[in-house]
Every structure is written in C-alpha cells, then in structure tokens.
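A quick write-up on the structure given underneath.
Numbering (the working numbering), first residue to last: 74 to 184.
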C-alpha cells in the first residue's frame with residue numbers, strides 16, 4: 074500500500090492523467106482513481122486501459138499477422154484495402170458530423 078501511495082504522489086502532477094483523458098483511453102475520474110485509490114479495482118481499470126491501448130495501436134493485429142508468412146501479393150491487397158477503408162471511414166465520420174450539425178430544436182419529431 075505504501076508503494077502505491079508513493080507512486081500516486083509521483084504521478085499526481087506529471088500530467089499522466091491528462092494524457093489518458095485526451096487520448097480518450099479513460100475518463101478523468103478513472104484516471105484520477107489510478108493515482109488516489111488504493112483498492113483492488115485499480116488493477117481492473119489498469120487492465121482495461123492496457124487492453125484499450127493494445128487495440129488502438131493495432132498491436133494485437135500486427136502480432137497475429139506476423140505469426141504466419143504473408144505472400145507479397147496478399148500483403149499489397151491487404152494494405153490497399155486498409156488504405157481504402159481508412160479513407161472511407163474518415164469520409165463517413167466527416168459526413169456524420171456534418172449531418173448531425175442541424176440546428177433543430179427537436180430532432181425526433183413525433184416521438
């Protein structure tokens with residue numbers, strides 16, 4: 074427990090919690106609980122953050138892809154598909170943000 078308290082004191086003013094919040098990995102309350110809380114749920118939250126970090130960085134997919142040999146033609150096809158998917162996803166998110174900007178007082182008329 075003393076070690077966790079000491080670690081929390083070190084991390085309190087380091088900006089570590091702000092980095093987690095800005096990266097949308099954890100909420101501000103969860104990030105602060107890593108520093109101030111000394112209960113067992115800290116481990117559960119830390120595991121959730123680790124899993125989220127690994128999936129955001131595509132680390133798990135990279136490791137899985139390197140387990141087996143990938144032919145160069147398949148690699149080019151995969152890279153081309155991933156590039157097209159990134160473009161499509163960015164355009165769709167832009168379109169959703171645009172269409173959601175309607176200045177309506179009641180967007181769900183009739184409900």
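Positions of the beta carbon are idealized from the N, C-alpha and C atoms, including for glycine. Here the structure is a predicted model, which means the values were calculated and not measured.
Determine the burial state of residue i: buried for a count of at least 16 other Cβ atoms within 10 Å of its Cβ, exposed for fewer.
| i | result |
| --- | --- |
| residue 104 | buried |
| residue 113 | Any answer about residue 113 is weak, because its pLDDT of 48 lies below 50 and its placement is not dependable; what the coordinates show is given next. Exposed, by the Cβ-count rule. |
| residue 96 | exposed |
| residue 173 | exposed |
| residue 99 | buried |
By the three-class DSSP mapping on this structure, what secondary structure does residue i have?
| i | result |
| --- | --- |
| residue 98 | coil |
| residue 113 | Here the model assigns residue 113 a pLDDT of 48, short of 50, so the residue's position is not dependable and the matter cannot be decided. |
| residue 87 | coil |
| residue 125 | helix |
| residue 105 | helix |
Original post:
Which runs of the alpha helix (DSSP H) spanning at least 4 residues fall entirely within the segment 137-183, listed in chain order?
Top reply: 145-172
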